[in-house]
Every structure is written in C-alpha cells, then in structure tokens.
Amino acid sequence: MAKVELKAPDGPPSDVERIKQESRYLRGTLAETMEDPLSAGIPEDDNRLMKFHGSYLQDDRDVRTERQKQKLEPAYQFMIRVRTPGGVATPEQWLVMDELARKYANGTLKLTTRQAFQLHGVLKWNVKKTMQAIHNALMTTLAACGDVNRNVMCNPNPYQSEVHAEVYEWAKLISDHLLPRTRAYYEIWLDGEKVAGTPQVDGEEEPIYGPTYLPRKFKIGIAVPPSNDVDVFSQDIGFIAIVEDGKLAGFNVAIGGGMGMTHGDKTTYPQLAKVIGFCRPDQVVEVAEKIMTVQRDYGNRSSRKHARFKYTIDRLGLEAVKEEIERRLGWKLGEARPYHFEHSGDRYGWVEGVNGTWHFTLFVEGGRVKDYDDYKLMTGLREIAKVHTGDFRLTPNQNLVIANVTSEKKPEIEALIAKYGLTDGRRYTALRRNALACVALPTCGLAMAEAERYLPKLLDKIEEIIDENGLRDEEITIRMTGCPNGCARHVLAEIAFVGKAVGKYNMYLGAAFNGTRLGKLYRENIGEEEILRELRVLLSRYAKERLDGEHFGDFVIRAGIVKEVTDGTNFHD
Numbered sequence: 001m002a003k004v005e006l007k008a009p010d011g012p013p014s015d016v017e018r019i020k021q022e023s024r025y026l027r028g029t030l031a032e033t034m035e036d037p038l039s040a041g042i043p044e045d046d047n048r049l050m051k052f053h054g055s056y057l058q059d060d061r062d063v064r065t066e067r068q069k070q071k072l073e074p075a076y077q078f079m080i081r082v083r084t085p086g087g088v089a090t091p092e093q094w095l096v097m098d099e100l101a102r103k104y105a106n107g108t109l110k111l112t113t114r115q116a117f118q119l120h121g122v123l124k125w126n127v128k129k130t131m132q133a134i135h136n137a138l139m140t141t142l143a144a145c146g147d148v149n150r151n152v153m154c155n156p157n158p159y160q161s162e163v164h165a166e167v168y169e170w171a172k173l174i175s176d177h178l179l180p181r182t183r184a185y186y187e188i189w190l191d192g193e194k195v196a197g198t199p200q201v202d203g204e205e206e207p208i209y210g211p212t213y214l215p216r217k218f219k220i221g222i223a224v225p226p227s228n229d230v231d232v233f234s235q236d237i238g239f240i241a242i243v244e245d246g247k248l249a250g251f252n253v254a255i256g257g258g259m260g261m262t263h264g265d266k267t268t269y270p271q272l273a274k275v276i277g278f279c280r281p282d283q284v285v286e287v288a289e290k291i292m293t294v295q296r297d298y299g300n301r302s303s304r305k306h307a308r309f310k311y312t313i314d315r316l317g318l319e320a321v322k323e324e325i326e327r328r329l330g331w332k333l334g335e336a337r338p339y340h341f342e343h344s345g346d347r348y349g350w351v352e353g354v355n356g357t358w359h360f361t362l363f364v365e366g367g368r369v370k371d372y373d374d375y376k377l378m379t380g381l382r383e384i385a386k387v388h389t390g391d392f393r394l395t396p397n398q399n400l401v402i403a404n405v406t407s408e409k410k411p412e413i414e415a416l417i418a419k420y421g422l423t424d425g426r427r428y429t430a431l432r433r434n435a436l437a438c439v440a441l442p443t444c445g446l447a448m449a450e451a452e453r454y455l456p457k458l459l460d461k462i463e464e465i466i467d468e469n470g471l472r473d474e475e476i477t478i479r480m481t482g483c484p485n486g487c488a489r490h491v492l493a494e495i496a497f498v499g500k501a502v503g504k505y506n507m508y509l510g511a512a513f514n515g516t517r518l519g520k521l522y523r524e525n526i527g528e529e530e531i532l533r534e535l536r537v538l539l540s541r542y543a544k545e546r547l548d549g550e551h552f553g554d555f556v557i558r559a560g561i562v563k564e565v566t567d568g569t570n571f572h573d
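Just so you know, the sequence shown maps onto residues 1 to 573 in UniProt numbering.
What follows is the structure, given as structure tokens:
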C-alpha cells in the first residue's frame, strides 16, 4: 500500500482563524469591550475569543422579537461553563455554584452532558465577578469552550473501585496537561492572578497549541467497561480502561468520534471513534497530546463544518493517521484488548463503594437544578452540601451523585433526601430516566426548536403509550437536541429527535443501547402529533414482537424499520 502524504486541505483560512491569529493568545480586545458600558453585548470577534475563556454571549430569544419592535438591542446575557474533569465538585464548590446561580445567573444550575456546570443569564457587568468567584473556589472556566481540548470525561464514581479512582486521576492529568498556557485568562478576569493547574512556560506561550489553537473543539472521554456512560465513541479520543486481575492494565485508544452535522448537507455526518490500539496508563497523557497535535496540524481550518477530527481521519485514512500518531510518539501502540459494554446509563439510588462509603445517584431531569413550585431540588441540595463531608459527581447523563457518604453521615443525608423529596427516579418510567436534552431555547443561539423545556412534556404523552404496552420498566434511551450539533449526543439514543424548526423534529431510530452504533433517520420534519402516532405503532410492535432481552434499537433494525448504520460515512445512505 502506497504511503499517503499527509497534508491539510487546501483553501483560505476561515475568519475564525484570523481572529485567533490576531488575538495575541486569546486576548483580543476583551478587557476593553467587557468594560464598555454602552452595550450589554460584545463584538463578534471578541465573542469568538470569549468561548476559549469558557463563556458564550447569548440573548433571550423569548423576547427577541418584542425587543426588535421596541428598537432595543437583544437581551444579551452570558452562559458561563465551569470545567470540572470527571465531574467532581466538593461541597464547598457546590455551595459557591449555588450562590452564583442565584446571585448573578437565572437562579438555576445546568449539569451538562460533559460533566460540567453551566450558569445561564449572567449579565456582562457580572461576568468578571462570577469568574473570580469560580477561581477562588479552585475551579476554572478556561478551555470549557473554544477550539481546544474541552472537559475530560470519565466514569463519575471513583469510589466504585480502585480502578475507577485511578482512571479519574488520569482524566485530571490529561485535562491539566492539555490546558492552554496563555496568561490572557488571568490577566483579563483575575487581575493577573495565576490559574490553578496552568504552569507558565517561559518563552513560547502555547507549546502544544500554537497561536491558532485547534481547527475546532476537541473532546476526550474515558470509559470503564461495562459502563459506557461517557459515550466513549462520541469522543475525538476515547480511552477504554482495560482491567486485568483487578488492576488497570491500560487503555484501548479510539479516535475520531463526533456527533455534529448540518441539516441538508450530506458532506457532514456523525461518526463513531475507531479503536486503533492500546497504551499503558503511564503513556496515556503523551498519547492524548500526540493525537491532538495531528488534528492541530492536519485538520481543516478553511471550513469549520468539516473541521472536526472525524473528517480529518476520513479524509486522510485511519491507517495513515495512526502511522503519524506512532511516528510522533516514537513507538507503536499495542494490540487492542477485549472489552465489553453493556449500557450507557446511570445506576440510581444508594450504592455501597469498595471503601465502605455510600453513594446516592439522584435523577435530575434535563440536568436542571432549580426550585420548582412542588419540588425544592436546589434548596435540598444546598442543605445537603452544608453537611456533606464527601463530594458531588456530575454524571454524563446530567444526573448527580452525592458521593463518598460515610456510614455515620448517611442517616443525616437520607433524612434530607426524604425531607426534600429528592428522587432516584424510580417513580418515573425507565424511558424518562434514560432521557437527555440539550438547553436549546431560549438561550442557545443555534437552537432551531425546543429541547430541555419540551422533552418532559412530550415524555408525559409517550409514557401513556409506554404504560399501554407494559414497557414502564423497559430501558430505552431517548434524547432531544434543538439543532444537529449534538450536545446531547442525540444519534447515540435508540429514539432521537433533532430540531428542524419550531415544533418540528427529525426522528432517528436504531442506535445501540450501549452506545456502539449510530441511529438512522426515520422521519423528517414531524411535529408532536406525528411523533406520537409513529411511537404508538413502533412501541406496540416492540412489546409484541421483541426477542427475549432485545433492546429497542436492535429490534427496529431486525424488524426492517430502519437500516443499520455501519459507519458515519453511510449515515445518509
């Protein structure tokens, strides 16, 4: 086989590349524009840079039209994302986030599908104060967004076993190693203070990233089989922990996952990461860096919709990319080792850990922590944080683990759980417990339709069909996103809805329950009435015709309802 010559695609750099190049390592004019009293927003060039600092400029789309009529600028506000590797937060950090949500944001906390916190509705004048409070709590928003490595995910309960604890430590090391080194973050937000975990390098400001950083966002996740809760094949790099004789032997290395696509453009598609080999634990940080630098050098900087690592691999070829990774490493990856995934969900309720402590996984619908009229979730968690001596773990499924509870503290925590009616989700259907939704409207500028606000209402109606067919306890994954970018990893759900227009969705079926197969487009641009009509037929057939132990995603393929997607490149076929 002839050796493929690796090169970046032809074409002029996108405007975002110009912004990064001219930004002086992410400084731009952010310090000045964030102080400008004439607008609640900032210029687009600075907004692009703002993402690297962990924040997006948004506006309240519910009032956008009315404000236009009144000749007012949009109701600008900022979303701030806190980078928490492996989803870990201390009780003290939880209380800080709770206070910031109520003081500066919209009174709620969003737990994300990448195990991070998000604050929504922060006004420009409060952004710096919020950033400083986050920093003072030993957290950071640096590189929570932008063309860099994002929050590193891993199984949320390191107390489950010694292996889980070790995997979490590697996730932190990868995260710290791949953080940008620029001083811009602490010059702008912290008045020159040092950011925890970002050692300054003399001379060159970005020894790994360079002045233009990566072509697009880059995501890393570590799975510990049999759980695939991080959706390891959706990641640019997925590390699969290999356990032998109860010890962490190393990681299988998978590359090139990504969920995003563009409606109507078949040159864009979701893709699953492919396993290319194995590395020892002490090699994993170096492997992550070298893989990321291949994408840095050969990714598409001309077309942002083709800039993710998955397209780089499909353009150059998996073997050629693997060879280049090994050339940069100076050694060859080992043979991939056997593994098995069973599910991608959370284990709810109380679980005893190996060290004698206890962990309570709380169901948080849509990942939204707030006080409802009849359910004081936010208050309950605040009161628990005041007495909790362990920590909190944000899960990849937008839920929360009250972790490392001692036997002595357990009765007190149990009493607070009971007092505030905090639920492990058992009173809900298994379908609802396996649901994910992105934020979408009213704050996300990319959303074409509702997701988080609408999915619970749609589930109320789907659950009637579920109950009619005796499927209340049947584990089925369902996800909804407001656009095709895939923040809720939509096409890895057995039933998926992707926003097309207000009240209209594309419907996908046939993904694997354990996150190892993509779904297939089943119906296009349909509303609630048609969604329910389709699901009534499908779920009735599933209840009657399924094989013993057969998951819904497998059934719809076996029954010929949709074709199996064997690779992202034939996703649209």
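Idealized CB from N, CA, C, for every residue including glycine.
Rounded straight-line distance, which links the Cα of residue j to that of residue i
{"i": "Tyr420", "j": "Asn157", "result": "24 angstroms"}
{"i": "Ile413", "j": "Gly277", "result": "44 angstroms"}
{"i": "Leu138", "j": "Leu362", "result": "25 angstroms"}
{"i": "Val163", "j": "Glu534", "result": "43 angstroms"}
{"i": "Pro225", "j": "Arg453", "result": "32 angstroms"}
{"i": "Leu547", "j": "Asp314", "result": "36 angstroms"}
{"i": "Asn570", "j": "Gly192", "result": "50 angstroms"}
{"i": "Glu32", "j": "Thr477", "result": "46 angstroms"}
{"i": "Gln68", "j": "Val122", "result": "21 angstroms"}
{"i": "Glu474", "j": "Arg433", "result": "11 angstroms"}
{"i": "Asp297", "j": "Gly54", "result": "24 angstroms"}
{"i": "Ile237", "j": "Thr566", "result": "19 angstroms"}
{"i": "Asp202", "j": "Phe555", "result": "The predicted position of Asp202 is uncertain, since its pLDDT is 48 and thus under 50; a value taken from the coordinates is nonetheless stated next. If you take the alpha carbons of Asp202 and Phe555, they lie about 58 angstroms apart."}
{"i": "Leu333", "j": "Leu214", "result": "24 angstroms"}
{"i": "Val369", "j": "Leu377", "result": "6 angstroms"}
{"i": "Ala447", "j": "Phe309", "result": "23 angstroms"}
{"i": "Ala559", "j": "Ala385", "result": "49 angstroms"}
{"i": "Thr312", "j": "Asn355", "result": "44 angstroms"}
{"i": "residue 589", "j": "Val387", "result": "Nothing can be reported for residue 589, as the shown portion of the chain is limited to 1 through 573."}
{"i": "Asn47", "j": "Leu459", "result": "36 angstroms"}
{"i": "Ala2", "j": "Leu316", "result": "Low per-residue confidence applies at Ala2: pLDDT is 39, beneath 50, and the placement is therefore not dependable, though the value from the model is reported in the following sentence. Straight-line Cα distance between these residues: approximately 13 angstroms."}
{"i": "Arg389", "j": "Arg327", "result": "According to the sequence as given, residue 389 is Thr; it is not Arg. Roughly 47 angstroms between the two C-alpha positions."}
{"i": "Arg27", "j": "Ser540", "result": "57 angstroms"}
{"i": "Arg102", "j": "Ile240", "result": "38 angstroms"}
{"i": "Thr429", "j": "Phe233", "result": "27 angstroms"}
{"i": "Glu494", "j": "Ala144", "result": "28 angstroms"}
{"i": "Ile557", "j": "Cys487", "result": "25 angstroms"}
Alpha helix (DSSP H) segment containing residue i, residue limits
{"i": "Ser55", "result": "Where Ser55 is concerned, there is no enclosing alpha helix (DSSP H), although the beta strand (DSSP E) it sits in stretches over 55 to 59."}
{"i": "Trp94", "result": "91 to 103"}
{"i": "Glu452", "result": "Where Glu452 is concerned, there is no enclosing alpha helix (DSSP H), given that its DSSP letter is neither H nor E."}
{"i": "Trp170", "result": "162 to 177"}
{"i": "Leu30", "result": "30 to 33"}
{"i": "Ile294", "result": "Correcting the residue type first, residue 294 is Val in the shown sequence and not Ile. Note, Val294: alpha helix (DSSP H), 284 to 298."}
Supposed close pair residue i, residue j - CB separation, criterion 8 angstroms
{"i": "Arg382", "j": "Gly87", "result": "Actually they are not in contact, since the Cβ atoms of Arg382 and Gly87 sit about 19 angstroms apart, beyond 8 angstroms."}
{"i": "Gly482", "j": "Ala440", "result": "3 angstroms"}
{"i": "Phe341", "j": "Asn514", "result": "4 angstroms"}
{"i": "Glu206", "j": "Tyr25", "result": "6 angstroms"}
{"i": "Asn469", "j": "Arg337", "result": "The pair is not a contact, with the Cβ atoms about 40 angstroms apart (cut-off 8 angstroms)."}
{"i": "Ser14", "j": "Ser303", "result": "7 angstroms"}
Contact under 7 angstroms by Cβ, residue i with residue j
{"i": "Ala288", "j": "Ile174", "result": "yes"}
{"i": "Ala511", "j": "Gly519", "result": "yes"}
{"i": "Arg479", "j": "Asp231", "result": "no"}
{"i": "Gln70", "j": "Gln58", "result": "no"}
{"i": "Gly367", "j": "Lys110", "result": "yes"}
{"i": "Asn149", "j": "Leu178", "result": "yes"}
{"i": "Tyr522", "j": "Val562", "result": "yes"}
{"i": "Lys124", "j": "Ala40", "result": "yes"}
{"i": "Tyr269", "j": "Gly568", "result": "yes"}
Below-7 angstroms beta-carbon distance, residue i vs any chain B residue
{"i": "Thr516", "result": "The structure shown contains no chain B; it holds only a single protein chain."}
Per DSSP, the bridge partner or partners of residue i
{"i": "His388", "result": "In DSSP, His388 forms no bridge with anything."}
{"i": "Leu509", "result": "Ile495, Lys520"}
{"i": "Thr481", "result": "Val498"}
{"i": "Thr262", "result": "Asp265"}
{"i": "Glu352", "result": "Trp358"}
{"i": "Cys154", "result": "Ile222"}
{"i": "Leu109", "result": "Val369"}
{"i": "Gly527", "result": "The partner list for Gly527 (beta bridge, DSSP) is empty, contrary to what the question assumes."}
{"i": "Arg393", "result": "Val88, Val401"}
Span of the beta strand (DSSP E) around residue i
{"i": "Ala40", "result": "Element bounds for Ala40: n/a, residue is neither H nor E."}
{"i": "Ile276", "result": "274 to 279"}
{"i": "Asn136", "result": "Segment 124 to 136 is the alpha helix (DSSP H) holding Asn136; no beta strand (DSSP E) there."}
{"i": "Met79", "result": "76 to 82"}
{"i": "Lys247", "result": "247 to 255"}
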